[in-house]
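Below is one structure; the comments refer to it alone.
Protein chains: 2
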Amino acid sequence: MWRILLVTAAGLAALAQSPAASNVRGAQYPQVHTDRRVTFQVKLPTAQKVQVMPGGGSNGLGKGPFDMTRNADGVWTTTIGPVQPGFHYYWLLIDGAAVNDPNSETYFGWARQSSGIDVPDAALDFYEPKDVPHGDVRMHWYRSRVTGLMRRAFVYTPPGYDANPRTRYPVLYLQHGSGESERGWTAQGRANFILDNLLAAGMAKPMIIVMENGYGTRPGETTQRGNEAFPDVVIQDLIPEIDKAYRTKTGRESRAIAGLSMGGGQAMQIGLANLDRFAYIGTFSGAGARNFDIATSYNGVFKDTAAFNKKVKLLWIGCGREDSLFAGSSTLHQALDQAGVRNTWYEGPGLHDWQVWRIHLHEFIPKLFQEN
Amino acid sequence: MWRILLVTAAGLAALAQSPAASNVRGAQYPQVHTDRRVTFQVKLPTAQKVQVMPGGGSNGLGKGPFDMTRNADGVWTTTIGPVQPGFHYYWLLIDGAAVNDPNSETYFGWARQSSGIDVPDAALDFYEPKDVPHGDVRMHWYRSRVTGLMRRAFVYTPPGYDANPRTRYPVLYLQHGSGESERGWTAQGRANFILDNLLAAGMAKPMIIVMENGYGTRPGETTQRGNEAFPDVVIQDLIPEIDKAYRTKTGRESRAIAGLSMGGGQAMQIGLANLDRFAYIGTFSGAGARNFDIATSYNGVFKDTAAFNKKVKLLWIGCGREDSLFAGSSTLHQALDQAGVRNTWYEGPGLHDWQVWRIHLHEFIPKLFQEN
Numbered sequence: 041m042w043r044i045l046l047v048t049a050a051g052l053a054a055l056a057q058s059p060a061a062s063n064v065r066g067a068q069y070p071q072v073h074t075d076r077r078v079t080f081q082v083k084l085p086t087a088q089k090v091q092v093m094p095g096g097g098s099n100g101l102g103k104g105p106f107d108m109t110r111n112a113d114g115v116w117t118t119t120i121g122p123v124q125p126g127f128h129y130y131w132l133l134i135d136g137a138a139v140n141d142p143n144s145e146t147y148f149g150w151a152r153q154s155s156g157i158d159v160p161d162a163a164l165d166f167y168e169p170k171d172v173p174h175g176d177v178r179m180h181w182y183r184s185r186v187t188g189l190m191r192r193a194f195v196y197t198p199p200g201y202d203a204n205p206r207t208r209y210p211v212l213y214l215q216h217g218s219g220e221s222e223r224g225w226t227a228q229g230r231a232n233f234i235l236d237n238l239l240a241a242g243m244a245k246p247m248i249i250v251m252e253n254g255y256g257t258r259p260g261e262t263t264q265r266g267n268e269a270f271p272d273v274v275i276q277d278l279i280p281e282i283d284k285a286y287r288t289k290t291g292r293e294s295r296a297i298a299g300l301s302m303g304g305g306q307a308m309q310i311g312l313a314n315l316d317r318f319a320y321i322g323t324f325s326g327a328g329a330r331n332f333d334i335a336t337s338y339n340g341v342f343k344d345t346a347a348f349n350k351k352v353k354l355l356w357i358g359c360g361r362e363d364s365l366f367a368g369s370s371t372l373h374q375a376l377d378q379a380g381v382r383n384t385w386y387e388g389p390g391l392h393d394w395q396v397w398r399i400h401l402h403e404f405i406p407k408l409f410q411e412n
Numbered sequence: 041m042w043r044i045l046l047v048t049a050a051g052l053a054a055l056a057q058s059p060a061a062s063n064v065r066g067a068q069y070p071q072v073h074t075d076r077r078v079t080f081q082v083k084l085p086t087a088q089k090v091q092v093m094p095g096g097g098s099n100g101l102g103k104g105p106f107d108m109t110r111n112a113d114g115v116w117t118t119t120i121g122p123v124q125p126g127f128h129y130y131w132l133l134i135d136g137a138a139v140n141d142p143n144s145e146t147y148f149g150w151a152r153q154s155s156g157i158d159v160p161d162a163a164l165d166f167y168e169p170k171d172v173p174h175g176d177v178r179m180h181w182y183r184s185r186v187t188g189l190m191r192r193a194f195v196y197t198p199p200g201y202d203a204n205p206r207t208r209y210p211v212l213y214l215q216h217g218s219g220e221s222e223r224g225w226t227a228q229g230r231a232n233f234i235l236d237n238l239l240a241a242g243m244a245k246p247m248i249i250v251m252e253n254g255y256g257t258r259p260g261e262t263t264q265r266g267n268e269a270f271p272d273v274v275i276q277d278l279i280p281e282i283d284k285a286y287r288t289k290t291g292r293e294s295r296a297i298a299g300l301s302m303g304g305g306q307a308m309q310i311g312l313a314n315l316d317r318f319a320y321i322g323t324f325s326g327a328g329a330r331n332f333d334i335a336t337s338y339n340g341v342f343k344d345t346a347a348f349n350k351k352v353k354l355l356w357i358g359c360g361r362e363d364s365l366f367a368g369s370s371t372l373h374q375a376l377d378q379a380g381v382r383n384t385w386y387e388g389p390g391l392h393d394w395q396v397w398r399i400h401l402h403e404f405i406p407k408l409f410q411e412n
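If you read the sequences in order, they're chains A and B. Start counting the first sequence at 41; every next residue gets the next number (my numbering). Start counting the second sequence at 41; every next residue gets the next number (my numbering).
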């Protein structure tokens, strides 16, 4: 009897873990357990020491590195957690060298292709692919006059875009964070599935989402950050290109800009400097209050509060409470409130990571283009 | 004078090498020299031995592994070649463990995300991005009834697709090789740029290209190859989905199927079994003559030669002369010729690699849909 119960428990345990959705095709590991522990496993017979290293200090896998244990066949294993739900960058440290786990799909983060693991949240399925109509995500190439180089935008077109060739759509420009790329919002953030699900539920207006690469320099220019030309790219190259290639509504009240972290800063910088082009601005874990002055910051755009409140349909500021940038975001929000600048504040649990940004997008999107 | 000449030579040498187009943003290495030597460089202070390992025996980088040399800062370097032009998979061996070069973009090959290097061919620019109109490449998600799972197709829509909402287009179904994915034909093969350039030159009919993942199994089915359900996916799921989601011409004379290596075998298998759906078939380094019998192979489709020749607009067979599959491809072509089965044979220099397949696509495309 005891024995039978043991077998049953083992059977249940086997059912209670499965390969992560972030793995490459056919890879059995990493596996995610229903209690959100994660088991990593990799065959590296020649290595002396193998560890799992979460990407960055604000990572839902924890601090790391986590030592793996070798068996006689050179297979290394470790189980960690329970970990935070959501998408987390990681690498393997092979004798100290940070490399990708061959079992993982790669995700551009930390300025390189990195491993990642997506840990489901039993309470949140708004970003999962479901049996609803799916928009396409298009890779769109164009020549930038600002940089002199070819660029690639990722463009989400909503379900029905092709079937309704006379319909025009509002546009959200949506930016990734530092060290990431135009692929981040779909591969890591699942922005397309978030939109598909919101649209199917009638909770969002059909819209186009443009995800570009937030880097760019002028020809011959060498800069420290490598993104100094990006605002000009958006205004002089990207918006005209998108308005030409897709059926957009081109008025300012049909155009939004948002982003996460560095991209949130860019959304504030580009959006607030171009209120003739944008009526909606969102900054996800990307706002700071350093040297903030209501009269002079952002070229004085907040000074005439009444004019600002009339012109800007939405200034949305969000941050996770465990994010080191939380205080700055919160302080900015409070300073704006105190000055009478209308803004929408969103705080919730979470680190400086993609699960927070998925939630931010899911909160932000339903507030866009309601008059369209 | 001697000294001045030396400096000048060094200056010229510095100009004569540049970061590979296959690198991640900002990575200075690998660098390709104008004489097609390649310099790899990576900082790995903790490693005891680092080597460059070309992916597979039929690789334009050569056999490998190539030892790298360490400097005092832990930077490892090697220069190899001159190598073959084109795209080549590779990994770094860190103390024997095959891992990605953090400087490289990743490319799905060998059933994992792998490093790759693209070495330009001074004599061939048909696959380079040029200042011509660019088609979009769309990621299209749909539910497969055959596998029960969500699948993703990459779909090239030609320039003008959106601007001409009443125009319908013929479709080429184009498959990758073993261990690759739906991303291969654009990321490694540059199929989109090849089409853009052919269309700009008036050398091809505007067409849609559908690139799917050549793997798939039925629910609960465990198979050795993992691709047994793919023919059913194409016929029962993919073609109906594409004909519904895009403005296709749906007659058999507006539908082609082709692929490379494993995908070339799939093109033959699926195409020849479904001549009511396909009038054009292409196999790139993917045809074999093992057990071939003109009367019985492919379910006897070649037996009635006259009927076959009337029905099939193009049966295109290509292979590189240095490919180990060359003899099989050539023998199949000769057997078909001998039996009076009309087929188009293409041979040229080259290994079993992407440069050959770019050339094959560039040769194949202009022969499609000429009556459309």
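Think of the CB as a built atom: it goes at the ideal place given N, C-alpha and C, for glycine as much as any other residue.
Quiz item: Which runs of the beta strand (DSSP E) spanning at least 3 residues fall entirely within the segment 142-182 of chain A, listed in chain order?
Solution: Taken in chain order, the complete beta strand (DSSP E) segments of 3 residues or longer contained in the segment 142-182 of chain A are 146-149 and 152-159.
Quiz prompt | Neighbour flag for A/Ile134 against chain B, beta carbons, 8 Å | solution = Walking along the first sequence from the start, residue 134 of chain A turns up at place 94. Chain B, which has a Cβ nearer than 8 Å to the Cβ of A/Ile134, makes this yes.
Self-check item: Spatial neighbours of B/Tyr320 in its chain, beta-carbon cut-off 7 Å, leaving aside the 5 residues before and after
Solution: Taking the second sequence and counting its residues from 1, the one referred to as residue 320 of chain B is at position 280. The residues Ala296, Lys353, Leu354 and Leu408, in chain order, have a CB closer than 7 Å to that of B/Tyr320 in the same chain once the five nearest residues on each side in sequence are set aside.
Practice problem: Mind listing the chain A neighbours of B/Pro169? Cutoff is C-beta to C-beta under 7 Å, in chain order. | Solution: The residue given as residue 169 of chain B occupies position 129 in the second sequence. Under the 7 Å cutoff, chain A gives Trp181 and Met190.
Quiz item: Terminal residues of the continuous beta strand (DSSP E) containing B/Phe324?
Solution: The sequence position of residue 324 of chain B within the second sequence is 284, counting from 1. For B/Phe324, the enclosing beta strand (DSSP E) starts and ends at Tyr320 to Phe324.
Quiz item: Quick one: Cα of A/Asp393 to Cα of A/Ala151, how far?
Solution: Within the first sequence, residue 393 of chain A is the residue found at index 353, counting from 1. Within the first sequence, residue 151 of chain A is the residue found at index 111, counting from 1. Each residue's Cα considered, the two are about 16 Å apart.
Quiz item: Buried or exposed: where does A/Glu261 fall if 16 or more other Cβ atoms within 10 Å of its Cβ makes it buried?
Solution: For this step, residue 261 of chain A is matched to residue 221 along the first sequence. Result: exposed.
Quiz prompt | Among B/Thr79, B/Gly121, B/Asp316 and B/Ser294, nearest to B/Ile248 - alpha-carbon criterion | solution = As a first step, residue 248 of chain B is located in the second sequence; it is residue number 208 there, counting from the start. For the options B/Thr79, B/Gly121, B/Asp316 and B/Ser294, the alpha carbon positioned closest to that of B/Ile248 is the one of B/Ser294.
Quiz prompt | Expected contact under 8 Å - CB spacing of A/Ser325 and A/Val396 to nearest Å | solution = Mapped onto the first sequence, residue 325 of chain A falls at position 285. Mapped onto the first sequence, residue 396 of chain A falls at position 356. Indeed they touch by this definition, with Cβ atoms about 6 Å apart.
Quiz item: Can you find a C-beta in chain B that's less than 8 Å from the C-beta of A/Leu52?
Solution: As a first step, residue 52 of chain A is located in the first sequence; it is residue number 12 there, counting from the start. Note that A/Leu52 scores 48 on pLDDT, short of 50, meaning its location in the model is unreliable and no value can be drawn from it.
Practice problem: Give the residues from the segment 288-320 of chain B that approach chain A closer than 9 Å (Cβ to any Cβ), ordered along the chain. | Solution: When C-beta distances to chain A are compared with 9 Å, every residue of the segment 288-320 of chain B stays at or above that value.
Quiz item: Which whole-angstrom value describes the C-beta separation of A/Asp141 and A/Ser155, a residue pair presumed to lie in contact below a C-beta threshold of 8 Å?
Solution: Taking the first sequence and counting its residues from 1, the one referred to as residue 141 of chain A is at position 101. Taking the first sequence and counting its residues from 1, the one referred to as residue 155 of chain A is at position 115. Taking C-beta atoms under 8 Å as the contact rule, A/Asp141 and A/Ser155 qualify, at a distance of about 4 Å.
Practice problem: Give the secondary structure of A/Ala60 by DSSP, where H, G and I count as helix, E and B as strand, and everything else as coil. | Solution: Numbered from its first residue, the first sequence carries residue 60 of chain A at position 20. Of the three classes helix, strand and coil, the one that applies to A/Ala60 here is coil, per DSSP.
Quiz item: Whose CA, out of A/Cys359, A/Glu220 and A/Lys351, lies closest to the CA of B/Arg65?
Solution: Within the second sequence, residue 65 of chain B is the residue found at index 25, counting from 1. Minimum Cα distance to B/Arg65 is reached at A/Glu220.
Practice problem: Using a Cβ cut-off of 8 Å (strictly closer), state whether A/Ala137 contacts chain B. | Solution: Position 97 of the first sequence, counting from 1, holds the residue named residue 137 of chain A. Yes, A/Ala137 counts as interfacial toward chain B.
Self-check item: Given 8 Å, three or more beta-carbon pairs between the segment 228-238 of chain B and the segment 271-282 of chain B
Solution: Under the 8 Å Cβ criterion, the segment 228-238 of chain B does not count as touching the segment 271-282 of chain B, having fewer than three qualifying pairs.
Practice problem: Confirm the yes/no value for this check: CB of B/Val352, any heavy atom of the ligand COA, distance under 7 Å. | Solution: As presented, the structure is devoid of all ligands, the ligand COA included, so that no description of it is given.
Quiz item: What is the C-beta distance between A/Ile120 and A/Gly97, in whole angstroms, given that I count them as a contact (C-beta under 8 Å)?
Solution: Stepping through the first sequence from its first residue, residue 120 of chain A is reached at position 80. Stepping through the first sequence from its first residue, residue 97 of chain A is reached at position 57. 16 Å between Cβ atoms; not a contact.
Quiz item: Going by alpha carbons, who is nearest to A/His373 out of A/Leu391, A/Arg330, A/Ile399 and A/His402?
Solution: The residue given as residue 373 of chain A occupies position 333 in the first sequence. Answer by Cα proximity: A/Arg330.
Quiz item: DSSP beta-bridge partners for B/Val78?
Solution: Sequence index remark: in the second sequence, residue 78 of chain B carries index 38 (1-based). According to the DSSP secondary-structure assignment, B/Val78 is paired through a beta bridge with B/Val72 and B/Ile120.
Quiz item: Under the three-state reduction of DSSP, which class applies to A/Glu293: helix, strand or coil?
Solution: Taking the first residue of the first sequence as 1, we reach residue 293 of chain A at position 253. Helix.
Self-check item: Residue-chain proximity (B/Ser369, chain A), Cβ-Cβ < 8 Å
Solution: Locating residue 369 of chain B in the second sequence gives position 329, where the first residue counts as 1. Chain A has no Cβ within less than 8 Å of the Cβ of B/Ser369.
Quiz item: In angstroms, rounded to a whole number, what distance separates the CA positions of B/Asp75 and B/Gly126?
Solution: Residue mapping note: residue 75 of chain B aligns to position 35 of the second sequence, counting from 1. Residue mapping note: residue 126 of chain B aligns to position 86 of the second sequence, counting from 1. Taken atom to atom, the span from the alpha-carbon of B/Asp75 to that of B/Gly126 is near 13 Å.
Quiz prompt | Residues of the segment 146-165 of chain A with Cβ closer than 8 Å to any Cβ of chain B, in chain order | solution = Going along the segment 146-165 of chain A in chain order, one finds Thr146, Phe148, Ala151, Arg152 and Gln153 with a Cβ nearer than 8 Å to chain B.
Practice problem: Going by DSSP, name the residue or residues bridged to B/Gly92. | Solution: Here residue 92 of chain B is taken as the residue at index 52 of the second sequence, counted from 1. The displayed chain sequence assigns Val, not Gly, to residue 92 of chain B. Beta-bridge partners assigned by DSSP to B/Val92: B/Phe106 and B/Leu132.
Exercise. Give the secondary structure of A/Gln378 by DSSP, where H, G and I count as helix, E and B as strand, and everything else as coil.
Key: Indexing the first sequence from 1 puts residue 378 of chain A at position 338. Helix at A/Gln378.
Quiz item: Within 8 Å (strictly less), CB to CB, does A/Pro210 reach chain D?
Solution: Going by chain labels, chain D is absent from the structure shown, which instead holds the protein chains A and B.
Exercise. Over the uninterrupted beta strand (DSSP E) stretch that includes A/Gly311, give me the two end residues.
Key: In the first sequence, residue 311 of chain A corresponds to position 271, counting from 1. Element bounds for A/Gly311: not the beta strand (DSSP E) but the alpha helix (DSSP H), Met302 to Ala313.
Exercise. For the alpha helix (DSSP H) containing B/Tyr338, list its first residue and its last residue.
Key: Counting from one through the second sequence, the residue named residue 338 of chain B turns up at place 298. Ser337 to Gly340 is the extent of the alpha helix (DSSP H) around B/Tyr338.
Quiz item: With burial defined as no fewer than 16 other Cβ atoms inside 10 Å of the residue's Cβ, what is the status of B/Lys87: buried or exposed?
Solution: Taking the second sequence and counting its residues from 1, one reaches residue 87 of chain B at position 47. As written in the sequence, residue 87 of chain B is Ala, which differs from the Lys given in the question. The residue is buried, with at least 16 neighbouring Cβ atoms inside 10 Å.
Practice problem: Check whether the Cβ of A/Thr48 lies closer than 8 Å to any Cβ atom in chain B. | Solution: For the purposes of this step, residue 48 of chain A is identified with residue 8 of the first sequence, where counting begins at 1. In this prediction, A/Thr48 has a pLDDT of 47, which is less than 50 and means its spatial position is unreliable; what the coordinates show is noted afterwards. No, A/Thr48 does not count as interfacial toward chain B.
Quiz prompt | Straight-line gap, B/Lys350 to B/Val341 (C-alpha atoms, nearest Å) | solution = Indexing the second sequence from 1 puts residue 350 of chain B at position 310. Indexing the second sequence from 1 puts residue 341 of chain B at position 301. So the alpha carbons of these two residues sit roughly 12 Å apart.
Practice problem: Per DSSP, which residues does A/Ala138 bridge with? Please list them. | Solution: Locating residue 138 of chain A in the first sequence gives position 98, counting from the first residue. Note: A/Ala138 sits in a beta bridge opposite A/Leu133.
Quiz prompt | Three-state secondary structure (DSSP) of A/Gln215 | solution = Position 175 of the first sequence, counted from the first residue, corresponds to residue 215 of chain A. Three-state result, A/Gln215: strand.
Practice problem: Could you pull the start and end residues of the beta strand (DSSP E) that A/Ala193 belongs to? | Solution: Your numbering for residue 193 of chain A matches position 153 in the first sequence. Taken as a continuous stretch (DSSP letters only), the beta strand (DSSP E) holding A/Ala193 covers Met190 to Thr197.
Practice problem: Check the Cβ-Cβ distances between B/Ala269 and every residue of chain A, and say whether any is below 8 Å. | Solution: Translated into positions along the second sequence, residue 269 of chain B becomes position 229. Taking Cβ atoms only, chain A never reaches closer than 8 Å to B/Ala269, which makes this a no.
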